[in-house]
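All remarks here apply to the structure that follows.
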């Protein structure tokens, strides 16, 4: 499913607006979502949410083969990167690196991967408990348990973000 179709279905864009975005995209290379933000003022978080849903549809039915995990791919990211960006490399597939993450961490993981991993990647989405188990098994961090710490870390990050927002001068 194309992102424009999904955004029309969600009531975020009209068919005419999708055509305007596609015309703008044909004039210069710019991501569909960025054009939606620029032309129609759609919030980046809304575009990101639609993109995550699109990705879920595109990868539905793909399951990681944990029994076939290639140990050589684990060196592509450091332990810190795996924990910080919530990614675990699993295998190679036709020249692309297959990475695991969760729905909630897909956007952040993708931003990291596209900037830092020098070859094509694609993600398989797994439930947080499955991801925590795989992360703990492959990038053990003494004193840390991903199943517990992800909830704690995510709550702390949200709390800090909320605090920064409330501390910001109004009208800034």
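In the working numbering, the protein residues as written are 1390 to 1561. Positions of the beta carbon are idealized from the N, C-alpha and C atoms, including for glycine.
Residue 1444 sits in a helix when the DSSP states are folded into three classes.
Annotated three-state conformation of residue 1509 is coil, per DSSP. DSSP lists no beta-bridge partner residue for residue 1461.
Residue 1432 is positioned such that its CB atom lies no closer than 8 angstroms to that of residue 1395. Beta bridge pairing from DSSP links residue 1402 with no other residue. Boundaries of the beta strand (DSSP E) harbouring residue 1488: 1485-1490, taken from the DSSP string.
Of all C-beta pairs linking the segment 1457-1473 to the segment 1527-1535, three or more are shorter than 8 angstroms, placing the two stretches in contact.
Rounded to whole angstroms, the Cβ separation of residue 1498 and residue 1441 is 11 angstroms, and the two are not in contact under 8 angstroms.
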